[in-house]
Amino acid sequence: MAKKIPQPTTPPRERAFLVGVELHDHNNILSLEDSLAELALLADTAGVDVAGELTQNLRRPHVETYIGSGKVEELKALVEETLCEVVIFDDELSPRHLRELEKALGRNTRIIDRTALILDIFAQHAHTKEGMLQVELAQYEYNLPRLTRAWTHLERQAGGGGGRAGSTGGVGLRGPGETQLEVDRRSIRRRIAHLKKELEKVEAYRHQHRAQRKRTRIPTVALVGYTNAGKSTLLNRLAKSDVYVADQLFATLDPTTRRVQLPGDNLALFTDTVGFIQKLPTTLIAAFHATLEEIAEADLLLHMVDISHPNALGQYQSVLQTLEEIGAGHIPMITALNKADRLKDPEKADRVLENFPKSVAVSALKGTGMADLLRLVQEELFEAFEPIGVRLPYKEGALISLYHELGQVDRVEHERGGVVIHGSLPGRLLAQFSPWRIKTNGAGIHISEEETEEQA
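If you read the sequence shown in the working numbering, its first letter stands for residue 40, the second for the next number, and so on.
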């Protein structure tokens, strides 16, 4: 009689309880309810089931346990009742908060904050060397002030199987893993310094690659937007490529660039970048500096907005805020209101367009609105000119030539240290010339610093 071979079984998903706090002095773009709904999606992406949530309104976080002592007791009872192994806070917790909460809830309950959860997801989704370096750096910098607590936290997870190298099993901080249990702060700092040097090499390579792209005079369009807005789906549609797509948060981390044919026989390079999210950890922004520079150096931003999301406007504003933080707020931008096919009232998309400048309603999945979108990109890159006056040092000969070649020159003034040019440039070039931009009056006449001070 044939013996049945036991099939491998999928390990049961961990259960988590979510905790959110409404702070009176914080102006978060998303409401507490929306933020917790997003946290639940993050937990699901990390492989965790949500058993319930607890909220509290506070003027400021409790010094020891972030939430009040009464809420801590209520949380402990709920965790025991729902058999949860993990508690996830919607805000970043200090080392003291983590330590005191662990004491109060018992060492069998892991305490994880929003930052640790996002880092865990990034660790799962980083596949290139650059992506893994950036995630590892962010994890070490997050862990350093939490060293004692973090390493014992990993030790409790040791032996959890199924992950890739460095994974500790369960939701937590994948990356350094259990091999780092005896590492002291000095060795951690050495590792951070090494990772930063490696990423400096990546940044130098990207800089050379961007400079080479600029010499080809092919403009670059960076796809930006809230995570899961549909950027990768759009890139696949426009470039007929096969970038990984999934209906989950942070499905892709590593930037991907493809050529796209525009109307009028023009080409543009479209780059898919990491999605943004509310309360994006500062450690990630710093670690992903080389990747985010792809956005800051783009000629045009194509902002993808999931128009079917109940808080699409809040997500839109959150992305604008992050763009300012990474130094890309000055780059010309158009907006694609994606997933219009999901709206019950198709005419609603047309009405919403009025709230977003330079926008078009599309469905990246079904391909609707693509022609209108490409025409808008073509117009912004090649046809829309903006008046600008610049004072360029003579050593910036390449930019002087670029202005004359692609711009509309009205007047040139030669000075001792350089040349002042008045005229108009295609919108895609404004970012390159912004460091040398000068003030002009309504008639386009240059206003000197002395005149500006007198007027003030």
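Where a beta carbon is used, it is the ideal one built from N, C-alpha and C, also for glycine.
Compute the Euclidean distance between the alpha carbons of Ile334 and Leu413, then round it to the nearest angstrom. What you label residue 334 is simply residue 295 of the sequence shown in a count that begins at 1. What you label residue 413 is simply residue 374 of the sequence shown in a count that begins at 1. Each residue's Cα considered, the two are about 19 angstroms apart.
Short Cβ contact (7 angstroms threshold) for Gly466 with Ala423: For this step, residue 466 is matched to residue 427 along the sequence shown. For this step, residue 423 is matched to residue 384 along the sequence shown. Result yes, Cβ atoms of Gly466 and Ala423 sit closer than 7 angstroms.
Enumerate in chain order the residues of its own chain whose CB-to-CB distance from Leu270 is below 6 angstroms, with the five nearest sequence positions on each side excluded. Residue numbering aside, residue 270 sits at position 231 when the sequence shown is read from its first letter. Contrary to the premise, residue 270 reads as Lys rather than Leu in this sequence. Setting aside the 5 residues that flank it on each side, Lys270 is surrounded in the same chain by Leu262, Gly264, Asp311, Met343, each with a C-beta closer than 6 angstroms to its C-beta; the list follows chain order.
Would you decide whether Arg149 is buried or exposed? Buried here means 16 or more other CB atoms lie within 10 Å of its CB. Within the sequence shown, numbered from 1, the residue matching residue 149 stands at position 110. Classification for Arg149: buried.
Residues near Phe56 in its chain [Cβ-Cβ closer than 8 angstroms; skip 5 each side]: Sequence index remark: in the sequence shown, residue 56 carries index 17 (1-based). Val89, Ala90, Gly91, Glu92, Leu93, Leu114, Leu117, Val118, Thr121, Cys123, Val125, Val126, Ile127.
If you drop the 5 nearest sequence neighbours on each side, which residues of the same chain put their C-beta closer than 7 angstroms to that of Gln447? Sequence index remark: in the sequence shown, residue 447 carries index 408 (1-based). Excluding five sequence positions before and after Gln447, the CB atoms of its chain that fall closer than 7 angstroms to its own CB belong to Phe424, Gly462, Ser463, given in chain order.
Could you give the first and the last residue of the continuous beta strand (DSSP E) run that contains Asn182? Here residue 182 refers to the residue found at position 143 when the sequence shown is read from its first residue. Note, Asn182: premise wrong, no beta strand (DSSP E); alpha helix (DSSP H) at 168–182.
In angstroms with no decimal places, state the Cα-to-Cα distance between Arg476 and Ile439. Against the sequence shown, residue 476 aligns to sequence position 437. Against the sequence shown, residue 439 aligns to sequence position 400. Answer to the nearest angstrom: the Cα atoms are 13 angstroms apart.
Ser398 - DSSP class collapsed to helix/strand/coil: Working through the sequence shown from its first residue, we reach residue 398 at position 359. Three-state result, Ser398: strand.
Helix, strand or coil for Arg315? Go by DSSP, reduced to three states. Position 276 of the sequence shown holds residue 315. As written in the sequence, residue 315 is Phe, which differs from the Arg given in the question. Reduced to three states, the DSSP call for Phe315 is strand.
Compute the Euclidean distance between the alpha carbons of Ile324 and Ile68, then round it to the nearest angstrom. The sequence position of residue 324 within the sequence shown is 285, counting from 1. The sequence position of residue 68 within the sequence shown is 29, counting from 1. Straight-line Cα distance between these residues: approximately 19 angstroms.
Helix or strand or just coil, what does DSSP make of Glu53? Locating residue 53 in the sequence shown gives position 14, counting from the first residue. Note: Glu53 maps to strand in three-state DSSP.
Cβ neighbour criterion (16 or more within 10 Å) applied to Asp152: In the sequence shown, residue 152 corresponds to position 113, counting from 1. With a threshold of 16 other beta carbon atoms within 10 Å, Asp152 meets it and is buried.
Excluding five sequence neighbours on each side, which residues of the same chain lie with their C-beta closer than 7 angstroms to the C-beta of Val358? Within the sequence shown, numbered from 1, the residue matching residue 358 stands at position 319. Val263, Gly264, Tyr265, Phe315, His342.
Only counting the same chain, and skipping five residues up and downstream in sequence, which positions put a Cβ closer than 7 angstroms to that of Arg430? Taking the first residue of the sequence shown as 1, we reach residue 430 at position 391. Same-chain partners within the cutoff: Gly457, Val459, Trp475, Ile477.
Hey, Ala403 and Asp345: beta-carbon distance below 7 angstroms or not? Stepping through the sequence shown from its first residue, residue 403 is reached at position 364. Stepping through the sequence shown from its first residue, residue 345 is reached at position 306. It is not a contact, given that the beta carbons lie outside the stated cut-off.
Quick check on the burial criterion: 16 or more other C-beta atoms within 10 angstroms. Buried or exposed for Thr167? The residue you call residue 167 lines up with position 128 of the sequence shown. So Thr167 ends up on the exposed side.
Counted within 10 angstroms of its Cβ, other Cβ atoms place Arg455 as buried (16 or more) or exposed: On the sequence shown, position 416 is the one that residue 455 refers to. It counts as exposed.
How far does the alpha helix (DSSP H) with Thr503 in it reach, from first residue to last? Look at the range of the chain in this structure, 40 to 495, and you will see that residue 503 is not part of it.
Counterpart residues of Arg8 in DSSP-defined beta bridges: Not covered by the structure: residue 8. The range shown for the chain is 40 to 495.
Look at the alpha carbon of Glu418 and the alpha carbon of His369, and state the distance between them as a whole number of angstroms. Stepping through the sequence shown from its first residue, residue 418 is reached at position 379. Stepping through the sequence shown from its first residue, residue 369 is reached at position 330. For the pair Glu418 and His369, the Cα-to-Cα distance works out to about 18 angstroms.
Rounded to whole angstroms, what's the CA-CA distance from Glu169 to Arg228? Just pull it up for me. Mapped onto the sequence shown, residue 169 falls at position 130. Mapped onto the sequence shown, residue 228 falls at position 189. Going from the Cα of Glu169 to the Cα of Arg228 covers about 19 angstroms.
Reference Leu238; option with closest CA among Ala85, Thr272, Glu175: Along the sequence shown, one-based indexing puts residue 238 at 199. Cα-wise, what sits closest to Leu238 is Glu175.
Closest to His246 by CA distance: which of Ala337, Tyr181, Phe309 is it? Here residue 246 is taken as the residue at index 207 of the sequence shown, counted from 1. For the residues Ala337, Tyr181, Phe309, the minimum Cα distance to His246 belongs to Ala337.
Work out the CA separation of Ser398 and Ile548 for me, nearest whole Å. Outside the displayed range of the chain (40 to 495) lies residue 548, so it cannot be described from this structure.
Exposure of Lys279, with buried meaning 16 or more beta-carbon neighbours within 10 Å: Within the sequence shown, numbered from 1, the residue matching residue 279 stands at position 240. Under this definition Lys279 is an exposed residue.
Residues bridged to Tyr105 [DSSP beta-bridge criterion]: Mapped onto the sequence shown, residue 105 falls at position 66. BP columns for Tyr105 point to His101.
By the three-class DSSP mapping on this structure, what secondary structure does Gly59 have? Locating residue 59 in the sequence shown gives position 20, where the first residue counts as 1. Strand, per DSSP.
Buried or exposed by the 16-neighbour rule on C-beta atoms within 10 Å, applied to Lys318: Residue 318 sits at position 279 when you count from the first residue of the sequence shown. It is buried - the Cβ of Lys318 has at least 16 other Cβ atoms within 10 Å.
Going by DSSP, which residues form a beta bridge with His461? Your numbering for residue 461 matches position 422 in the sequence shown. In the DSSP output, where bridge partners are listed per residue, His461 has Gly428, Arg450.
Could you say which of Val60, Ala307, Val111 lies nearest to Gly145 if we only look at CA atoms? Translated into positions along the sequence shown, residue 145 becomes position 106. Of Val60, Ala307, Val111, the residue nearest in Cα terms is Val111.
Let me check one thing: in DSSP terms, what residues is Gly264 bridge-paired to? On the sequence shown, residue 264 is found 225 positions in, with the first residue counted as 1. Met343.
Is the CB-CB distance between Leu132 and Leu97 below 7 angstroms? Working through the sequence shown from its first residue, we reach residue 132 at position 93. Working through the sequence shown from its first residue, we reach residue 97 at position 58. Against a cut-off of 7 angstroms, the Cβ pair of Leu97 and Leu132 comes out as no contact.
In the DSSP assignment, what are the bridge partners of Met372? Locating residue 372 in the sequence shown gives position 333, counting from the first residue. In DSSP, Met372 forms a bridge with Leu340.
Between which two residues does the alpha helix (DSSP H) harbouring Gln295 extend? Here residue 295 is taken as the residue at index 256 of the sequence shown, counted from 1. According to the sequence displayed, residue 295 carries Thr and not Gln. DSSP places Thr295 in no alpha helix (DSSP H) but in the uninterrupted beta strand (DSSP E) bounded by 295–301.
Selected residue, minimal CA-CA separation from Leu301, among Ile257, Val313, Gln471, Pro134: Here residue 301 corresponds to residue number 262 of the sequence shown, with the count starting at 1. Checked all of Ile257, Val313, Gln471, Pro134; the closest Cα to Leu301 is Ile257.
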